[in-house]
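Novice: Sharing a structure here in C-alpha cells format.
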Amino acid sequence: MRDLLKPIGLVLALAATAGAGQRPATPASFRDTALAADARFDTTAALAALDQGLKATPNDPGLLAAKGRIYWRLLRTKSAEQALIAASKSPAFAAEAQYWLGLIYDFKGSKAEDAFPGWHEEVNYRPRAAAAFAAAGEPKPEWIASAGAAENAVKAADALVAAADARVAQRPDDPASVGVLRGAIDTRTALRPDPMSYALGANLLLARRADLPHVMRMAAEGQAAGERFIRENESSYKLDGKVQASLDRNRAGFTDIAGWAAYRQGDLTRAEELLAESARLSRGLNAANQMHLAELSAKKNDLENAREHYLTVLGLAGATPPMRDQAKAALAGVQAKSGESPAEFETWLTATLDRRREERRKALVSNMAGKKLPGLVLTDLQGNKVDLQAQRGSVVLLNFFSAW
Numbered sequence: 067m068r069d070l071l072k073p074i075g076l077v078l079a080l081a082a083t084a085g086a087g088q089r090p091a092t093p094a095s096f097r098d099t100a101l102a103a104d105a106r107f108d109t110t111a112a113l114a115a116l117d118q119g120l121k122a123t124p125n126d127p128g129l130l131a132a133k134g135r136i137y138w139r140l141l142r143t144k145s146a147e148q149a150l151i152a153a154s155k156s157p158a159f160a161a162e163a164q165y166w167l168g169l170i171y172d173f174k175g176s177k178a179e180d181a182f183p184g185w186h187e188e189v190n191y192r193p194r195a196a197a198a199f200a201a202a203g204e205p206k207p208e209w210i211a212s213a214g215a216a217e218n219a220v221k222a223a224d225a226l227v228a229a230a231d232a233r234v235a236q237r238p239d240d241p242a243s244v245g246v247l248r249g250a251i252d253t254r255t256a257l258r259p260d261p262m263s264y265a266l267g268a269n270l271l272l273a274r275r276a277d278l279p280h281v282m283r284m285a286a287e288g289q290a291a292g293e294r295f296i297r298e299n300e301s302s303y304k305l306d307g308k309v310q311a312s313l314d315r316n317r318a319g320f321t322d323i324a325g326w327a328a329y330r331q332g333d334l335t336r337a338e339e340l341l342a343e344s345a346r347l348s349r350g351l352n353a354a355n356q357m358h359l360a361e362l363s364a365k366k367n368d369l370e371n372a373r374e375h376y377l378t379v380l381g382l383a384g385a386t387p388p389m390r391d392q393a394k395a396a397l398a399g400v401q402a403k404s405g406e407s408p409a410e411f412e413t414w415l416t417a418t419l420d421r422r423r424e425e426r427r428k429a430l431v432s433n434m435a436g437k438k439l440p441g442l443v444l445t446d447l448q449g450n451k452v453d454l455q456a457q458r459g460s461v462v463l464l465n466f467f468s469a470w
C-alpha cells in the first residue's frame with residue numbers, strides 16, 4: 067500500500083512546495099527528486115518523478131539523462147540508450163549522457179556473455195564504448211559512485227534473500243521469518259526487476275509453502291517484468307528465434323509457478339489448467355513442470371500419467387540430481403502399487419529409459435536423413451565468403467554456436 071501511495075505523495079509534495087511560494091516544480095526539481103530517490107533505490111518514487119517531469123517537458127535533456135541512468139539500473143536497456151542519446155545532444159548534459167552510454171556499450175560489448183540466460187556479447191559495441199567514454203571526458207565522482215552503488219546494492223540484496231531463506235529453514239513455523247524473506251525478495255525485485263529474481267523469490271516461497279497468494283501475484287508480475295526485460299534487451303540474444311524462445315520460456319516458467327501455487331492451495335482444477343499450459347509452452351521439456359504434472363497426476367490417482375511424467379523427468383537433461391532422485395523414488399512407489407519388487411523396478415526402469423532414448427535417437431535421424439545440405443554461405447578466418455554447397459566432398463571445419 068505504501069508503494070502505491072508514493073507517487074501520489076510525491077505529486078502532492080511538489081504541488082505544496084509550489085503553492086507555499088517556494089521554488090515551483092521545474093524540470094530541474096523533478097530531475098533532482100528522481101535522482102535522489104534513485105540514490106536510495108526507491109524505484110517507485112524515482113519513476114514517478116520522471117513520469118511527472120517528462121509529461122510536462124518530454125524533451126528536457128536533464129530529465130532524459132536521469133531517465134537513462136535510472137532505466138539502466140533497471141536494465142531497460144533499449145529505453146535507457148534512447149533517452150541518453152537524446153540527452154547527449156545538449157551541451158549541458160552531453161558528458162553525463164556519454165558516460166552512461168559508455169557503461170551500457172561496455173556491458174553489451176564485453177560483459178553481457180551469460181550475464182543472463184541466452185545473452186551474448188555484441189563486439190560491435192566495444193569501439194562505441196571507447197568513443198562514448200572519450201566524449202564524456204573525466205567522469206564526475208558522483209557518476210562513478212552512482213553506477214557502482216547500484217551493482218553493489220543488487221549483490222547485497224541477493225545476499226539478504228539467501229540469509230532470509232536460511233532463517234526460514236531454521237524456523238519454518240515462525241511467521242516473522244517468512245515476512246523477512248518476503249521483504250528481502252520484494253526489495254530485490256524492486257532494485258532490478260529481472261525475471262530471474264522473480265522466479266527465484268517465488269520458488270523460495272513455494273519451497274517453504276509460504277505466502278502462496280503472494281506467489282501467485284509474483285508469477286503474474288514476473289511474467290510481465292520478464293517480457294519487458296527481454297524486449298528491452300533483444301539485441302543481446304542476437305537471433306530473433308532466441309527472443310521468441312525466451313518469451314515462451316518466460317511465460318512457461320511463470321505459468322508453472324502459478325500452477326504449482328494453485329496446487330499447494332488445493333485448487334487442483336486451476337493447477338491442472340496452468341500446468342498443462344506451461345507444458346504446452348515448454349513443449350514438455352521443462353523438468354520442473356513435468357515433475358509438477360507427475361505430482362498432480364499422482365494426487366488424482368492417475369498412475370498412468372504420473373508414470374509417464376516421472377519417466378519424462380528422468381529422460382530430460384535439465385533435471386537436477388535431487389529432482390531425478392525424487393522422480394525415481396516416486397516412480398518406484400507407483401510401480402510398487404502394481405506389485406513390482408524393487409529389483410524388478412530397477413530392471414524395468416533401465417530397459418524403459420534405454421528404449422525411450424533409442425526411440426528419440428531414431429526419430430532425430432529419420433527427421434534429418436535424406437535432406438539436402440542447406441545453402442549456407444559463411445565467412446572463413448580470412449574474411450572470404452564460403453558457399454558450403456561448393457565444398458561438397460571436402461573436409462570443412464565449422465566454428466559455430468547453437469541457440470535453443
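Just so we're aligned: the sequence shown equals residues 67 to 470 in the numbering used here.
Glycine is no exception: its CB is placed at the ideal position from the N, C-alpha and C atoms.
What you are looking at is a predicted structure, and each value in this text was computed from that prediction instead of being measured.
1) Since residue 282 and residue 327 are thought to touch, with beta carbons under 8 Å apart, how far apart are those beta carbons, to the nearest angstrom?
2) Find out if the Cβ-Cβ distance for the pair residue 128, residue 93 is shorter than 8 Å.
3) When we look at the beta-carbon of residue 347 and count the other beta-carbons within 10 Å, is it buried (16 or more) or exposed?
4) Report the start-end ranges of each alpha helix (DSSP H) in the segment 371-411 that is 4 residues or longer and not cut off at the edges.
5) Under a Cβ-count criterion, where at least 16 other Cβ atoms within 10 Å of its own Cβ denotes burial, should residue 169 be classed as buried or exposed?
6) Cβ atoms of residue 454 and residue 462: under 8 Å apart, would you say?
7) Could you name each continuous alpha helix (DSSP H) segment of 4 residues or more that falls completely within the segment 219-277, going from the start of the chain to the end?
8) Starting from residue 133, follow the beta strand (DSSP E) in both directions and report where the run begins and ends.
9) Hey, out of 214, 293, 202, whose CA is closest to residue 159's CA?
10) Give the DSSP-derived three-state secondary structure of residue 123 in the structure shown.
11) How many whole angstroms separate the CB atoms of residue 141 and residue 298, which I take to be in contact at a CB cut-off of 8 Å?
12) Determine the direct distance from the alpha carbon of residue 277 to that of residue 87, and round the result to whole angstroms.
13) By how many angstroms is the C-alpha of residue 366 removed from the C-alpha of residue 79?
14) Can at least three beta-carbon pairs, one atom from the segment 300-317 and one from the segment 232-251, be found at a separation below 8 Å?
15) How about residue 398 and residue 408: are their beta carbons less than 8 Å apart?
16) Could you give the uninterrupted runs of the alpha helix (DSSP H) lying entirely in the segment 155-219, keeping only those of 4 residues or more?
17) Straight-line CA distance for residue 392 to residue 148?
18) Take residue 284 as the anchor and find which of 324, 464, 459 has the nearest alpha-carbon.
19) Measuring CA to CA, which of 114, 267, 211 is closest to residue 549?
20) Beta-carbon separation of residue 358 and residue 322 under 8 Å?
21) State the start and end residues of the unbroken beta strand (DSSP E) segment that holds residue 444.
22) Beta carbon of residue 382, beta carbon of residue 356: below 8 Å?
23) In terms of residues, what are the limits of the beta strand (DSSP E) holding residue 452?
24) Around the Cβ of residue 445, are there at least 16 other Cβ atoms within 10 angstroms (buried) or fewer (exposed)?
25) Whose C-beta lies closer than 6 Å to the C-beta of residue 256 among residues of the same chain, with five residues either side of it excluded?
26) What did DSSP end up calling residue 317 once you bin it into helix, strand or coil?
27) Quick check on the burial criterion: 16 or more other C-beta atoms within 10 angstroms. Buried or exposed for residue 547?
28) Which residue wins for smallest C-alpha separation from residue 308, given the options 185, 442, 224, 145?
29) When every heavy atom of the ligand PLP is checked, does at least one fall within less than 7 Å of the C-beta of residue 393?
30) For residue 456, which of 442, 448, 449, 464 has the nearest alpha-carbon?
31) Can you tell me the Cβ-Cβ gap for residue 100 and residue 91, rounded? I've got them flagged as a contact below 8 Å.
32) Taking 8 Å as the limit between beta carbons, can you name the residues of its chain near residue 350, skipping five residues before and five after?
33) Rounded to the nearest angstrom, what separates residue 126 and residue 166 at their Cα positions?
34) Beta-carbon within less than 6 Å of residue 269's beta-carbon, same chain only, minus the 5 sequence neighbours each way: which residues are those?
35) Can the beta-carbon of residue 146 be found less than 8 Å from the beta-carbon of residue 130?
Specialist: Quick look at the numbers:
1) Cβ atoms of residue 282 and residue 327 come within 8 Å of each other, at about 5 Å.
2) yes
3) Looking at its Cβ environment, which holds 16 or more other Cβ atoms inside 10 Å, residue 347 is buried.
4) With a minimum length of 4 residues, the continuous alpha helix (DSSP H) runs that stay inside the segment 371-411 are 387-402.
5) Buried, since its Cβ has 16 or more Cβ neighbours within 10 Å.
6) yes
7) 241-257, 261-273
8) Note, residue 133: premise wrong, no beta strand (DSSP E); alpha helix (DSSP H) at 127-139.
9) 202
10) coil
11) 7 Å
12) Its pLDDT being 44, under 50, residue 87 is placed unreliably in this model, and the coordinates cannot settle the point.
13) In this prediction, residue 79 scores a pLDDT of 43, lower than 50, which makes its location untrustworthy; no coordinate-derived value is stated.
14) Flag = no, the segment 300-317 and the segment 232-251 do not touch.
15) yes
16) 160-172, 191-202
17) 48 Å
18) When each option's Cα is compared against that of residue 284, the closest is 324.
19) Here the chain comprises residues numbered 67 to 470, so residue 549 is not present and cannot be evaluated.
20) yes
21) 443-445
22) yes
23) Looking at the DSSP string, the run of the beta strand (DSSP E) that includes residue 452 is 451-453.
24) Exposed, because fewer than 16 other Cβ atoms sit within 10 Å of the Cβ of residue 445.
25) 109
26) helix
27) Only positions 67 to 470 of the chain appear in this structure, which leaves residue 547 out of reach.
28) When each option's Cα is compared against that of residue 308, the closest is 185.
29) Because no ligand of any kind appears in the structure shown, any question about the ligand PLP cannot be addressed here.
30) 442
31) So it is not a contact: roughly 12 Å between Cβ atoms.
32) 356, 378
33) 17 Å
34) So the list is empty, once near-sequence residues are dropped.
35) no
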